[in-house]
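Reviewing the structure listed below.
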Amino acid sequence: MDIDILREDSFKWQNISDLWFIDRLTQLTNLLKDYSFGDAELSIVLANNKFVQNLNKEYRGKDQPTNVLSFPADDTNGYIIKGPLGDIVFAHETIMNESDTESKHFEAHLTHLLLHGLLHLLGYDHIEDHEAQEMERIEIEILQKIGIKNPYL
């Protein structure tokens, strides 16, 4: 997988290396056994709340920051990913606040959100209850395999 990491806010993200994202993505994609990511291209944007709030307002009509946004490059319904998969955009302050409020380790929470964003790019959603249950089941199962406890407890 070709991974492009853009640091919209380098200062806030200085404690998380590009290598950390590459290692985590490798772990997660290896555990998503139904998919082949060999020729996939993924962009990661490390941003702040203001940047994400602007995107959230423009694309979702919500004038507030959120922890992660996913922008699929195309409708991905296949299991062999070739070419652009999409963009995952993270808001540092929101993730940090959630980590503190929910007593979660920042990197564990960020890993969950990375997986969550990746699943969105693969076509998963949580609009309907049954979709949310399936997405959460996959997240819990994969995170458990890399030593991260259920993020929904």
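Residue numbers (the working numbering): 7 to 159.
Ideal placement from N, C-alpha and C gives every residue a C-beta, glycine not left out.
*Are the Cβ atoms of residue 47 and residue 80 separated by less than 7 Å?*
Taking the first residue of the sequence shown as position 1, residue 47 is located at position 41. Taking the first residue of the sequence shown as position 1, residue 80 is located at position 74. No.
_residue 154 to residue 41 span [Cα, whole Å]_ = Walking along the sequence shown from the start, residue 154 turns up at place 148. Walking along the sequence shown from the start, residue 41 turns up at place 35. Those two C-alpha atoms are separated by around 22 Å.
*Going along the chain, which residues of its own chain have a beta-carbon closer than 6 Å to the beta-carbon of residue 57, five neighbours each way excluded?*
As a first step, residue 57 must be located in the sequence shown, where it is residue number 51. Within the same chain, residue 57 has close Cβ partners 14.
*In three-state terms, what does DSSP make of residue 8?*
Here residue 8 is taken as the residue at index 2 of the sequence shown, counted from 1. The answer is strand: DSSP assigns residue 8 an E or B state.
*asked:* Going by C-alpha to C-alpha distance, which of 24, 43, 21, 22 sits closest to residue 125?
replied: As a working mapping, residue 125 is identified with position 119 in the sequence shown. Comparing Cα positions, the closest option is 43.
*Rounded to a whole number of angstroms, what is the C-alpha to C-alpha distance between residue 148 and residue 36?*
One-based indexing of the sequence shown puts residue 148 at position 142. One-based indexing of the sequence shown puts residue 36 at position 30. One C-alpha to the other measures close to 10 Å.
*asked:* Check whether the stretch 62-79 and the stretch 113-133 touch, using three or more Cβ-Cβ pairs below 8 Å as the test.
replied: yes
*Helix, strand or coil: how does DSSP classify residue 79 here?*
The sequence position of residue 79 within the sequence shown is 73, counting from 1. Residue 79 falls in the coil class under three-state DSSP.
*May I ask you to list the residues that DSSP assigns as paired with residue 143?*
Translated into positions along the sequence shown, residue 143 becomes position 137. Per DSSP, none; premise fails for residue 143.
*Around the Cβ of residue 145, are there at least 16 other Cβ atoms within 10 angstroms (buried) or fewer (exposed)?*
Here residue 145 refers to the residue found at position 139 when the sequence shown is read from its first residue. Residue 145 is buried by the Cβ-count criterion.
*Apart from the five residues just before and just after residue 26, which ones in its own chain have a Cβ nearer than 8 Å to its Cβ?*
As a first step, residue 26 must be located in the sequence shown, where it is residue number 20. Excluding sequence neighbours, residue 26 sits near 113.
*Bridge partners of residue 47, per DSSP?*
Looking up residue 47 in the sequence shown gives position 41. Beta-bridge pairing links residue 47 to 8, 90.
*asked:* When you compare the stretch 99-110 with the stretch 128-146, are there three or more beta-carbon pairs, one atom per stretch, that lie closer than 8 Å?
replied: no
*Cβ-based neighbour list, residue 54, same chain, cut-off 8 Å, excluding 5 preceding and 5 following*: For the purposes of this step, residue 54 is taken as the residue at position 48 of the sequence shown. Here the set comprises 14, 15, 18, 97, 98, 99.
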